Amino acid sequence: HAWLLKPAPATEKTKVILYLHGNAENISTHSRSVFWLVEEGYTVLALDYRGFGASQGRPILPDVLMDAKAGASWLRGAYPDHSLVVLGQSMGAALAVNFVADYGRDYDVSQLILEAPFAGFRSVAREMLQRTVVGTIVSPLVYLIPSDWDPKDRAPNIHIPVMQLHSPMDPIVPLSEGEVLFEALPADKRCFIASQGPHIASFRYSKFREQVADFLVRGECPQVEADTVKTESVAGFTDE
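Residue numbers are given in our numbering: position 66 of the sequence shown equals residue 66, and the series is strictly consecutive.
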């Protein structure tokens, strides 16, 4: 199940976006994050992968990658002359990394945008569990979670421009997870924006929307000047 969000014909750009949302809820709520892209002239296919919304099945890897492939295949057929961009948030960002690493060349994906991604399934689960007393007791069980699809291990296989956004104030996926993933991406293709707000809230702020829009137009990472939140723990991060 998916929604095709189309811009007004007069504003339509020659790029289409495959949007993979985060965990919980479905495209009816998550798609609010990307309406602004439609206003900018981009066609967006917002996908509910299996187990979410009206899509049947269980959301397990690698099965959900088949859903991303189906979305990309449909966009390629419907818009053969457009560039394909993949945008993932949180859990959707983890899927986006896996999809682009494995199938990006097959579908000629030109750019990747990640918001609040995590580096590993075990590490982010452990981080969340340790925030409570009960979670601290059961946190060793996270080592039973398969790590075959950890984004940090797939990231080196991505060789297209990647823009990553992550708020230092994120209460769900800590910035440290984003740092690890960022370091795993090829250095000549990546750019990072330390955004603001809670989890996957970057697009509430016009300055971050503008930077993503610039990235889409340029086809490469823009130069961003520091003015608010500082990030010093990872060399090569862009302060914002």
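From the three backbone atoms N, C-alpha and C, an ideal C-beta is built for every residue, glycine too.
All values derive from a computational prediction rather than experimental measurement.
Take the Cβ of residue i as the centre, count every other Cβ of all protein chains shown within 10 Å, and call the residue buried at 16 or more, exposed below.
i    : result
T14  : exposed
R190 : buried
M66  : exposed
A119 : buried
P198 : exposed
P140 : Low local confidence applies: a pLDDT of 42 at P140 is under 50, so the model's placement there is unreliable, with the coordinate-based value given in what follows. That one is exposed.
V217 : exposed
G22  : buried
E40  : buried
P117 : buried
G219 : exposed
S90  : buried
P241 : Past the boundaries of the shown model lies residue 241; the chain is included only from 1 to 240, so the question cannot be answered.
A8   : exposed
A101 : buried
A187 : exposed
Return the chain-ordered list of same chain residues with a C-beta closer than 6 Å to the C-beta of residue i, the five sequence neighbours on each side being excluded.
i    : result
T43  : K6, V16
S202 : E115, L165, S195, F208
D153 : none
G77  : none
V133 : Low confidence applies here, because V133 scores a pLDDT of 38, under 50, leaving its location unreliable; read the following figure in that light. None.
A96  : L20, V86, G88
S83  : K15, S110
Using only the alpha-carbon positions, how far apart do residue i and residue j sit?
i    : j    : result
D81  : N157 : 25 Å
S167 : L45  : 25 Å
G104 : G88  : 14 Å
D150 : E12  : 35 Å
P174 : L181 : 12 Å
N98  : A10  : 34 Å
W74  : R32  : 22 Å
D108 : F121 : 27 Å
A68  : H159 : 19 Å
A93  : A155 : 11 Å
Determine the extent of the beta strand (DSSP E) in which residue i is found, giving its start and end residues.
i    : result
R190 : 190-194
V15  : One point to set straight first is that residue 15 is Lys, not Val, in the sequence displayed. 15-20 is the span of the beta strand (DSSP E), which, as asked, contains K15.
M163 : 162-166
S83  : 83-89
V109 : 109-115
Skipping 5 residues on each side, what residues in its chain have a beta carbon closer than 7 Å to that of residue i?
i    : result
R71  : The question names Arg, but residue 71 in the sequence shown is Gly. A2, L18, L45, L47, listed in sequence order.
P171 : P198, H199
S123 : E177
S147 : G120, F121, R122
L37  : I17, V44
V212 : I113, M163
Could you pull out every residue in the same chain whose Cβ sits closer than 8 Å to the Cβ of residue i, ignoring the five residues on either side in sequence?
i    : result
V34  : L5, I17, Y19, V44, A46, L87, F203
Y143 : Residue placement at Y143 is poorly supported in this model, since its pLDDT is 42, which falls under 50; the coordinates still yield a value, given next. Correct list, in chain order: R122.
L185 : A155, P156, I158, V162, Q164
Identify the continuous alpha helix (DSSP H) that holds residue i and give its terminal residues.
i    : result
A68  : 63-78
S176 : 175-184
V217 : 206-218
W36  : 35-39
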